[in-house]
Each structure stands twice: as structure tokens, then as C-alpha cells.
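1 is the number of the first residue of the sequence shown in UniProt numbering; add one for each residue after it.
Notes for the one structure printed next.
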Amino acid sequence: MFPACAVRLRALHILRAPRGGVLPPAGERRAAQKLFSSEKVIHKDRSLPNSSWNSDLKLMFDQFMKKCEDGSWEHLPSYGSRSSQIVQYFKEVFLETKLRKDEQMLSQARLFTRSYEDGLGFEYVMFHNEQEKRTVCFCQGGPYLQGPPGFLHGGSIATIIDETASMTAIIAGGIVMTVNLNINYKRPIPLCSVVVINCQVDKIEGRKLFISCDVRSIDEKTLYSDATSLFIKLDPNKSLT
Ligand SMILES: CCCCCCCCCCCCCCCC(=O)SCCNC(=O)CCNC(=O)[C@H](O)C(C)(C)COP(=O)(O)OP(=O)(O)OC[C@H]1O[C@@H](n2cnc3c(N)ncnc32)[C@H](O)[C@@H]1OP(=O)(O)O
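This is the structure we're talking about:
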């Protein structure tokens with residue numbers, strides 16, 4: 001069984017008829033329902049502490065795990081390659097049959113942010129607050145993410161912002177993709193420091209989800225970046241390619 005998390009709940013919502021919309025074809029819905037059959041593969045949850053986490057990241061993890069106890073916040077697990085229900089659904093509905101059949105390529109595929117060895121790339125954990133439609137991500141960017149010497153590459157900052165904003169949008173809207181991301185880089189982020197990315201849903205208009213984010217030091221005194229992004233809920237009746 002999968003852990004009860006907001007993402008899973010959202011995946012269940014995806015299987016419901018879109019409000020005021022047209023039901024996906026029966027074949028697609030059958031494929032989606034099939035995803036809820038049991039799947040027993042052990043994968044490592046990469047959002048749990050490992051020996052590369054510094055004391056700041058461990059501290060924030062512990063603080064937010066405590067906040068999860070009353071149910072206001074929820075810890076979001078994260079895997080490098082586990083084929084979760086929502087990923088399976090995405091593949092079944094949106095991935096061209098030709099690509100889906102390329103098993104060798106798909107078996108090598110990893111979530112970009114989880115493709116580094118412990119401590120070298122993105123070490124992060126996310127928590128979601130359903131009432132506030134808000135997700136926070138605590139991230140320690142490792143040495144392989146360097147841009148200017150001693151600081152994070154702007155692309156790696158964009159990546160973790162996009163990842164956090166995507167989770168916020170997926171939880172609010174189901175299967176979405178980023179169509180626009182605007183970032184203001186205000187201060188460089190020192191390598192291996194811990195930052196907090198705070199994302200919230202500003203508005204939802206039909207298939208459009210508007211998400212805003214900021215990236216701060218964990219004492220909140222330094223604003224490193226802020227960003228706005230637009231996500232579009234995918235239409236199962238439209239091909240992606
Ligand atoms: C992926 C989830 C799987 C689940 C996994 C779960 C695992 C958790 C891991 C997290 C995963 C991280 C993932 C990171 C997030 C990516 O990295 S996503 C990858 C980067 N993004 C892309 O490649 C998207 C490329 N874009 C597209 O393919 C197409 O634009 C889309 C998204 C399919 C939408 O196309 P469409 O359905 O034909 O929609 P379209 O009619 O063009 O646009 C709809 C509306 O949006 C507007 N719009 C479209 N683009 C723009 C724009 N750039 N600016 C303003 N308005 C726009 C249109 O004008 C239109 O407006 P209205 O006319 O309706 O008012």
C-alpha cells in the first residue's frame with residue numbers, strides 16, 4: 001500500500017470525472033483504475049534524513065515532523081524511481097505507446113532532483129499544508145550544483161523551485177505541467193547551506209494554476225529568490241506530442 005499523503009488523495013481525484021467536463025474515454029479510466037491494484041516494490045524514501053544532512057536540515061525536518069502530528073502539515077515522501085500511482089497514470093494516459101514500450105530507457109529514468117548520490121546534489125524534504133494550500137521545501141544544495149564558485153547554479157535553484165511549485169500544483173490540481181516560470185535571483189545561495197522554499201497557490205482559473213514562491217534562509221532574514229509560475233492541468237483528450 002502507498003502512504004496516505006496528499007499526492008495520493010489528489011491521484012484519486014484525477015480518476016474522478018472532471019467537474020463540468022467530459023469523462024476521459026472508458027479505456028483510459030480502466031487503465032487508471034488498474035493503477036490501484038497492489039504493487040509491492042521496496043524503494044528508499046529520499047526525503048528522510050541521511051548522513052549527508054547538516055544540522056540545519058535535520059532541525060527543520062524534526063520541527064516539521066512535529067507539526068505533522070496534529071494533521072495540519074503532511075510530510076511528502078519522495079522517490080528517485082518508484083513508479084507511484086500518479087506517475088503510472090501519467091504514463092498510461094499521456095506517454096505515447098512507442099515511448100512506453102522502450103522499457104530499457106524507462107527503467108533507467110530517475111527523477112532529476114533525486115538522481116545524485118547522497119549529499120552531492122539536491123537533499124530536500126517537503127511538507128504540505130492543505131488548509132493554506134502551501135508547500136514548504138527545505139533544501140541543502142550540494143557541491144555538484146555549483147554555479148559561481150561557492151554558490152548554487154541558477155539552474156539548480158530554478159529546478160528546486162519548479163519541483164516545489166509542481167508538487168503544490170499537483171496536489172491542488174492533479175496532473176499539471178509548468179508552462180511558465182519567472183524567477184528573480186536576489187542573493188546568491190552558498191553551496192551546502194539550507195534554504196526554505198515556500199510555495200502557495202495564488203489562484204486557479206479553469207485549467208490554469210498560478211503558484212508563487214520565495215526562497216529564504218531558514219532564519220528567514222535573507223530573501224534569495226522569488227518566483228511566480230503557471231501550471232496547466234493536462235487534458236487527457238489531447239496528445240502531448
Ligand atoms: C507532470 C506530472 C506527472 C505526475 C508526476 C508526479 C511526480 C512528482 C514529481 C514532480 C515532477 C516535477 C516536474 C516539474 C515540472 C516540469 O518539469 S513540467 C516539464 C516542463 N514543461 C513542459 O514541458 C510543458 C510543455 N508544454 C506543453 O506541453 C503544453 O503547453 C501543455 C502543458 C500540454 C498545455 O497544452 P494544451 O493542453 O494544448 O493547452 P493550451 O490550450 O495551449 O493552453 C491552455 C491555456 O493556458 C495558456 N497558456 C499556455 N502556455 C502559457 C504560457 N506559457 N503563458 C501563459 N499562458 C499560457 C493558453 O493561452 C491557454 O489559455 P486560454 O486560451 O485557455 O485562456
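A virtual CB, placed ideally from N, CA and C, is assigned to each residue, including glycine.
Note that the structure is a prediction, hence the values are computed from the model and not measured.
Should the region 195 to 209 be regarded as contacting the region 125 to 139, the criterion being three or more beta carbon pairs within less than 8 Å? yes
Boundaries of the alpha helix (DSSP H) in which I61 is found, first to last residue: Within the sequence shown, residue 61 is the residue found at index 61, counting from 1. Per the sequence shown, the amino acid found at residue 61 is Phe instead of Ile. Here the alpha helix (DSSP H) through F61 covers 55 to 67.
Identify which residue in A172, G119, E163 has its Cα closest to the Cα of Q146. Taking the sequence shown and counting its residues from 1, one reaches residue 146 at position 146. Taking only the C-alpha atoms, the option nearest Q146 is G119.
Flag this pair as yes or no: are the beta carbons of residue 259 and I189 separated by less than 8 Å? With the chain covering only 1 through 241, there is no way to say anything about residue 259.
Indicate whether residue 243 and A158 have their beta-carbon atoms separated by less than 8 Å. Lying outside 1 to 241, the shown extent of the chain, residue 243 is not represented and no answer is given.
So L191 and P143 are in contact, right, with Cβ under 8 Å, and what is the actual spacing, rounded? For the purposes of this step, residue 191 is taken as residue 191 along the sequence shown, with counting starting at 1. For the purposes of this step, residue 143 is taken as residue 143 along the sequence shown, with counting starting at 1. L191 to P143, Cβ: 6 Å. Contact.
Helix, strand or coil, according to DSSP, for D226 in the structure here? Counting from 1 along the sequence shown, the entry for residue 226 is found at position 226. Correct three-state label for D226: strand.
Measuring CA to CA, which of L209, L57, T228, Y124 is closest to S78? Taking the first residue of the sequence shown as 1, we reach residue 78 at position 78. Minimum Cα distance to S78 is reached at Y124.
Whole angstroms is fine: what's the gap from L240's alpha carbon to C213's? Here residue 240 is taken as the residue at index 240 of the sequence shown, counted from 1. Here residue 213 is taken as the residue at index 213 of the sequence shown, counted from 1. Rounded to whole angstroms, L240 to C213 spans 27 Å at the Cα level.
Inter-residue Cα distance where the pair is N180 and Q88: If you number the sequence shown from 1, residue 180 lands on position 180. If you number the sequence shown from 1, residue 88 lands on position 88. Rounded to whole angstroms, N180 to Q88 spans 25 Å at the Cα level.
Judging by CA-CA distance, which residue of N184, K67, M105, K208 is the nearest neighbour of V215? Against the sequence shown, residue 215 aligns to sequence position 215. The shortest Cα separation from V215 among N184, K67, M105, K208 belongs to N184.
With respect to 7 Å, is the separation between the Cβ of M126 and the closest non-hydrogen atom of ligand 3 below this value? Annotation note on ligand 3: not contained in the displayed structure, which lists ligand 1 as its ligands.
Length of the line joining the Cα atoms of G80 and S47: Here residue 80 corresponds to residue number 80 of the sequence shown, with the count starting at 1. Here residue 47 corresponds to residue number 47 of the sequence shown, with the count starting at 1. Cα to Cα, G80 sits roughly 10 Å from S47.
Continuous alpha helix (DSSP H) stretch holding T97: start and end: Along the sequence shown, one-based indexing puts residue 97 at 97. Counting along the chain, the alpha helix (DSSP H) containing T97 begins and ends at 97 to 100.
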